[in-house]
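So the sequences go chain by chain: A and B.
Position 78 (the first sequence) corresponds to 78 in the UniProt record's numbering; numbering is contiguous.
Position 126 (the second sequence) corresponds to 126 in the UniProt record's numbering; numbering is contiguous.
Every residue gets a Cβ at the ideal spot worked out from N, C-alpha and C, and that includes glycine.
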Amino acid sequence: MTIDATDRAIIEALQSGLPLVPAPYAEVAEKLGLSESDLTARLAAMKESGVIRRIAAAPNHYKLGMTANGMTVWDVDDAVLNEVGPKIGALPFVTHSYERPRALPDWPYNLFAMVHGSSREEVEEKRQQIVDLLGDALRGSDTLYSTRILKKTGLRLRKKGG
Amino acid sequence: MTALDDIDRALVNALQDDLPLDHRPFAPLAEKLGLTEEALLDRVRALRASGVLTRFGPFFDAAAMGGAFCLCAMNVPADRFEEVNDKVNAHPEVAHNYERSHKLNMWFVLACETPEGIADTADLIEDETGLPVFRFPKLQEFYIGFRVAA
Chain A
1 MTIDATDRAI
11 IEALQSGLPL
21 VPAPYAEVAE
31 KLGLSESDLT
41 ARLAAMKESG
51 VIRRIAAAPN
61 HYKLGMTANG
71 MTVWDVDDAV
81 LNEVGPKIGA
91 LPFVTHSYER
101 PRALPDWPYN
111 LFAMVHGSSR
121 EEVEEKRQQI
131 VDLLGDALRG
141 SDTLYSTRIL
151 KKTGLRLRKK
161 GG
Chain B
1 MTALDDIDRA
11 LVNALQDDLP
21 LDHRPFAPLA
31 EKLGLTEEAL
41 LDRVRALRAS
51 GVLTRFGPFF
61 DAAAMGGAFC
71 LCAMNVPADR
81 FEEVNDKVNA
91 HPEVAHNYER
101 SHKLNMWFVL
111 ACETPEGIAD
121 TADLIEDETG
131 LPVFRFPKLQ
141 EFYIGFRVAA
C-alpha cells in the first residue's frame, strides 16, 4: 500500500495510541483537520491493506503474570506445513508464528512459534500441545529461551517521504 | 502480578479484539459490561497507568508500509560475546537483539528500507566479526492474533 502524507500524519498521530475518550476518532480527526468519516475511511483502508492489524490494547505480559516466553522451533514436513501452520498460529498462547528457511546442517527448523506462559513449566506444557497438533508431521524441535535483552528499539517511522 | 477485578479482566480480554471504527466505539462494550462509557474509559486509563496495558490504539505493521525485515542469528563464542554484541548493536539497522539459550546464542532483527540493505548489513557484520550471520527471513506468517487471558 502507498502511504500518502495524510496517512503518514494519521500514523504519527496514533503511534502513541488512541485518545481514551468516548468519540476518539472525532477527536483525532479534528486535530488533523479531517472529517471523522475521512479519518475512519482511511483507517479502514489501512486495515484492509494490512498496514493496521487491529485497533486494540497491548497488554503487558509480565503484569499479567506471563513471565516466561520460549521461542519454539519446529522441523515440519513441508508437504503439510500450510495445513498445520494456521492451526499453530491460532493457538491462544502463540504470539507470532512464521515459516522461515532452514539453514542446514546447522538449523533444520522451518516453523517458529513464540509461546508465552507464567513459567517455563507452563511453556513446556503448551509446547506439548503443539507436539500433539503436529503429530506425524513433526521431525524435530527445540525451545530457545531469551536469557538477556541485548538491544531493544521501537518502530522508528521516518518523518518524510511516502 | 497486578490485582484486577472481574470487570478489569473482562475489559483486558475484550480490548484485545479489534475496536470498531464507529463514532462511539466503546459504547457496545460498555453496555455489555454494564458500565457507562466514562466508567469504562476510567478503568482503561487506570489499566494504562498501572502498566497492565502498555498501549491502546492501532497496531501498525511496519513491513506493510514498506521496508524490509529479517531475523538473524549468530553462534558467538562465549569469550567474544560482549565484543561481538557491541559490533552488532552499533548498527542502527539492528532493531532488537536477544541472547538465547542455544548454540545460536545471539538473535537479532534487521530493519532496513530495502531488501538489499538487509544483505549489506548482514554481510558487513560478518566482515566485522568474522562470524557467519544466519538469515531467517519470514516466508509466511501464520498469524491469527495473540490474546493474553487476564
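Item, Value
"Candidates A/Ser35, A/Glu27, A/Met114, of which the one nearest B/Glu141 by Cα", "A/Met114"
"Rounded straight-line distance, which links the Cα of B/Ile125 to that of B/Lys87", "7 Å"
"Short-range partners of chain A found in the segment 59–89 of chain B, where Cβ spacing is below 9 Å", "Phe59, Phe60, Asp61, Ala62, Ala63, Ala64, Met65, Gly66, Leu71, Ala73, Asn75, Asn85, Val88, Asn89"
"Buried versus exposed call for A/Gly162 [16 or more other C-beta atoms within 10 Å across all chains shown]", "No answer about A/Gly162 holds up, because its pLDDT of 34 lies below 50 and its placement is not dependable."
"Between the CA atoms of A/Glu30 and B/Asn85 - distance to the nearest angstrom", "46 Å"
"Boundaries (first-last residue) of the beta strand (DSSP E) holding B/Asn97", "94–100"
"Identified DSSP bridge partners for A/Ile52", "B/Phe60"
"Between the CA atoms of A/Ala5 and A/Leu127 - distance to the nearest angstrom", "A small fix is needed here, since residue 127 of chain A is Arg in this sequence, not Leu. If I take the Cα positions, the gap works out to 44 Å."
"CB contact below 9 Å: B/Thr129 versus chain A", "no"
"Neighbourhood of A/Ala68 by C-beta, 8 Å cutoff - its chain only, sequence neighbours within 5 removed", "His116, Gly117, Ser118, Ser119, Arg120, Glu122, Val123, Tyr145"
"Secondary structure of A/Gly117, DSSP reduced to three states", "strand"
"For A/Lys87, three-class secondary structure by DSSP", "helix"
"Inside the UniProt domain \"Siroheme decarboxylase NirL-like HTH\" (7–53) of chain A only - alpha helix (DSSP H) runs reaching at least 4 residues", "24–32, 36–49"
"Whole-angstrom distance between A/Leu150 and B/Asp5, CA atom to CA atom", "35 Å"
"Neighbour flag for B/Thr114 against chain A, beta carbons, 9 Å", "no"
"Limits of the unbroken alpha helix (DSSP H) element including B/Phe81", "81–89"
"Straight-line gap, A/Thr40 to A/Leu64 (C-alpha atoms, nearest Å)", "32 Å"
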